[in-house]
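Protein sequences, first through last, are from chains A and C. Each residue of the first sequence is one higher than the one before, counting from 40 in the working numbering. Each residue of the second sequence is one higher than the one before, counting from 40 in the working numbering. We treat Cβ as the ideally placed atom computed from N, Cα and C, and that holds for glycine.
There are 2 protein chains.
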Amino acid sequence: MQLNNGLIFMSDTRTNAGVDNISQFCKLFTFEKKNERFITLLAAGNLATTQSVISLLEERNKAPTDRGPSIMEAPSMFQVARLVGDTLREVIQRNSDVGQKADATFHATFIVGGQIDGSEPRLFLIYPEGNFIEASTDTPYFQIGETKYGRPIMLRAYDAEMSWEAAIKLLLISFDSTVKANLSVGLPLDMLAYQKDSFECMYRDRITSEDPYFLSVSNGWGEALKSAFDQLPDFKF
Amino acid sequence: MQLNNGLIFMSDTRTNAGVDNISQFCKLFTFEKKNERFITLLAAGNLATTQSVISLLEERNKAPTDRGPSIMEAPSMFQVARLVGDTLREVIQRNSDVGQKADATFHATFIVGGQIDGSEPRLFLIYPEGNFIEASTDTPYFQIGETKYGRPIMLRAYDAEMSWEAAIKLLLISFDSTVKANLSVGLPLDMLAYQKDSFECMYRDRITSEDPYFLSVSNGWGEALKSAFDQLPDFKF
Numbered sequence: 040m041q042l043n044n045g046l047i048f049m050s051d052t053r054t055n056a057g058v059d060n061i062s063q064f065c066k067l068f069t070f071e072k073k074n075e076r077f078i079t080l081l082a083a084g085n086l087a088t089t090q091s092v093i094s095l096l097e098e099r100n101k102a103p104t105d106r107g108p109s110i111m112e113a114p115s116m117f118q119v120a121r122l123v124g125d126t127l128r129e130v131i132q133r134n135s136d137v138g139q140k141a142d143a144t145f146h147a148t149f150i151v152g153g154q155i156d157g158s159e160p161r162l163f164l165i166y167p168e169g170n171f172i173e174a175s176t177d178t179p180y181f182q183i184g185e186t187k188y189g190r191p192i193m194l195r196a197y198d199a200e201m202s203w204e205a206a207i208k209l210l211l212i213s214f215d216s217t218v219k220a221n222l223s224v225g226l227p228l229d230m231l232a233y234q235k236d237s238f239e240c241m242y243r244d245r246i247t248s249e250d251p252y253f254l255s256v257s258n259g260w261g262e263a264l265k266s267a268f269d270q271l272p273d274f275k276f
Numbered sequence: 040m041q042l043n044n045g046l047i048f049m050s051d052t053r054t055n056a057g058v059d060n061i062s063q064f065c066k067l068f069t070f071e072k073k074n075e076r077f078i079t080l081l082a083a084g085n086l087a088t089t090q091s092v093i094s095l096l097e098e099r100n101k102a103p104t105d106r107g108p109s110i111m112e113a114p115s116m117f118q119v120a121r122l123v124g125d126t127l128r129e130v131i132q133r134n135s136d137v138g139q140k141a142d143a144t145f146h147a148t149f150i151v152g153g154q155i156d157g158s159e160p161r162l163f164l165i166y167p168e169g170n171f172i173e174a175s176t177d178t179p180y181f182q183i184g185e186t187k188y189g190r191p192i193m194l195r196a197y198d199a200e201m202s203w204e205a206a207i208k209l210l211l212i213s214f215d216s217t218v219k220a221n222l223s224v225g226l227p228l229d230m231l232a233y234q235k236d237s238f239e240c241m242y243r244d245r246i247t248s249e250d251p252y253f254l255s256v257s258n259g260w261g262e263a264l265k266s267a268f269d270q271l272p273d274f275k276f
C-alpha cells in the first residue's frame, strides 16, 4: 500500500497443497543497501516458483562473477520490477516446458515496492507472464493471492494521508475478513513499514493469532460491523 | 437465505460475455401451485445454460404428454433439487459433447429453495455436475456466482431470528459490496421473500440503482464502515 509517508506491506504465511497439506512460510522478502535502496517483495501463488524466484534473485547478488542484472544494482525501481518479472517468467517457463503436468499451475504473482536513491518510492504488481503494472494515486495499493474478501474495506477506508497506525489497522481488518472466510489464508501475518527517503526498514513485525492487538481488532471489527448494521434503517415493505 | 420465518432470495440481473457485452436478464424464477408448493430458482453462470435449464423445466410442465418427472409434481423438495440437477447436467453435457470449444465454459450453478405441502421449507445449492447440497442450521444460506466480496458481512451479521426487513438490509449490503468491487455484478436486484407455510410469494420487488432505500443503505454503509474503522483503536508501535 502506498501512503504519503512511504510504503506498507502485509502478507500471511500460509501455503497449501490441498487442505491436508498446509505449511507456514514467510512470503515477505527484503533487499537493502544502506542509504541507497530498500526493496520489498511479496509473493503469492506456487511456492516452488516463488522460492525459486527469490533464490535466483539472491544468488545473483551473491555470485559476483555472474552478476549480470542484479536487484542490488538496478538503477531504478522500474528496472527492479523488470528483473523480477523476467526471473518469474523464466522460472514458470522452465517448469512448464519439461512436459510434466501438475494439478496446480506453476503460476505466481509478486508485489514489488521500494525506493532507490534519487527517485520516489514506487510499487509494482508483477504478473506470471513477467509484465507488470505500477500503483498510482488512482489505484494506490495492490493485493495478490486471495484478494476478494478483504477488498471492500480497502476500497472504503483507504486514505493516502492515513497514519502508519491506521494503515496497519486497515490491513489487519482486511486480512481478518479473508482469514475468517478462506482456509488458504492464515496467521501469523508479516508486516513491514518503509518510511520514505529512509532506505531502511522502519518497522517489521510478525503478528500471531494470540497477538492482543490483532484479537482486539478482530473481535472489535465483528462487533463494530454488527452495530453498524443494526444502526442502518431496516427495509420497509 | 433460510430464516426462521421462511426463505429469502436476492439476485442481480447482469450477465456479460466480456466487459463490452453486458446485458440485463432476470435470474430469479418461480414455480407455484396454490396451497401446495412454492419453489424459487436462482441462476448463476453461463446464461445459455441457465436459460435452457429453465425452459426445459417449464416446457416439461407445459407438455402433458411428455411430462415424466416435473418440478410441479415432484413429491418433495429433494426430488425438485434432483430434477434441476439432472436437467442442468444434461444441458451442460449436450453443449460440451458436440466438440465445440467455447472460450468460456458452459457451467452454471443454481440455488433452489421452496416448500411443498407436508414438509418444511428447504434450500439447496446445485452444482454443474448435477449433485447438490442442502442448507442447514450450520450453513443457513448459499451464494452463487461472484460470492467472495459479499461474504464477510454475511458471516458476521446473519441471524436466523432476524426480521424480513433486516434480512433484506443484509442482502443489499452484501450485494452492494460486490457491486462496488466487481463489474460482472450490477443492479437492478431482484428479491423475493417466501413466508413459511404460505405456498405463495409474500413479496417480490426489483430494486434499481435509484431506489432511495438502496441508496441510503449503500451510502450509509460506507459511512458506517468508515466510522467503525475510525473507532477501533489504532495499532501502537
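| Item | Value |
| --- | --- |
| At least three beta-carbon pairs within less than 8 Å, the stretch 68-84 of chain A to the stretch 154-161 of chain A | yes |
| Cross-chain neighbours of A:Gln-270 in chain C, by beta carbon under 7 Å | Ala-263 |
| A:Ala-83 at chain C interface by Cβ criterion, 8 Å | no |
| Complete runs of the beta strand (DSSP E) confined to the stretch 147-210 of chain C [at least 3 residues] | 147-155, 161-165, 171-173 |
| Separation of C:Ser-115 from C:Gln-132, as counted between CA atoms | 26 Å |
| Contact set for A:Val-218: own chain, Cβ-Cβ below 7 Å, skip 5 residues either direction | Val-224, Gly-225, Leu-226 |
| Three-state class that DSSP yields for C:Ala-120 in the structure shown | helix |
| is_contact[A:Gly-225, chain C] using C-beta, thresh 8 Å | no |
| Same chain, Cβ closer than 6 Å to C:Thr-144, neighbours up to 5 away in sequence not counted | none |
| Contacts that A:Ser-255 makes with chain C (C-beta to C-beta distance below 9 Å) | Leu-271, Pro-272 |
| CA-to-CA distance, A:Ala-232 to A:Leu-46, given in whole angstroms | 6 Å |
| For C:Ser-253, the first and last residue of its enclosing alpha helix (DSSP H) | Sequence check: residue 253 of chain C is Phe here, not Ser. It spans 251-270 - the alpha helix (DSSP H) in which C:Phe-253 sits, taken as one unbroken run. |
| Between the CA atoms of A:Pro-191 and C:Ala-220 - distance to the nearest angstrom | 7 Å |
| CA-to-CA distance, A:Ser-202 to C:Met-201, given in whole angstroms | 38 Å |
| Buried or exposed by the 16-neighbour rule on C-beta atoms within 10 Å, applied to C:Thr-88 | buried |
| For A:Ile-61: DSSP bridge partner residues | A:Asn-55 |
| Host beta strand (DSSP E) of A:Leu-80 (start-end) | 76-84 |
| Members of the stretch 141-162 of chain A near chain C, C-beta cut-off 8 Å | none |
| Beta-ladder partner(s) of C:Ile-47, from DSSP | C:Ala-232 |
| Test item: CB-CB of C:Phe-163 and C:Phe-171 under 8 Å | yes |
| Option nearest C:Ser-128 by Cα separation, candidates C:Pro-167, C:Val-119, C:Met-111 | Ser is not the amino acid found at residue 128 of chain C; the sequence shown has Arg there. Residue C:Pro-167 is the option with its Cα nearest to C:Arg-128. |
| Cut-off 7 Å between Cβ atoms - residues of its own chain near C:Thr-126, not counting five sequence neighbours on either side | Val-92, Leu-95, Leu-96 |
| Beta-bridge partners of C:Arg-245, as assigned by DSSP | C:Asp-229 |
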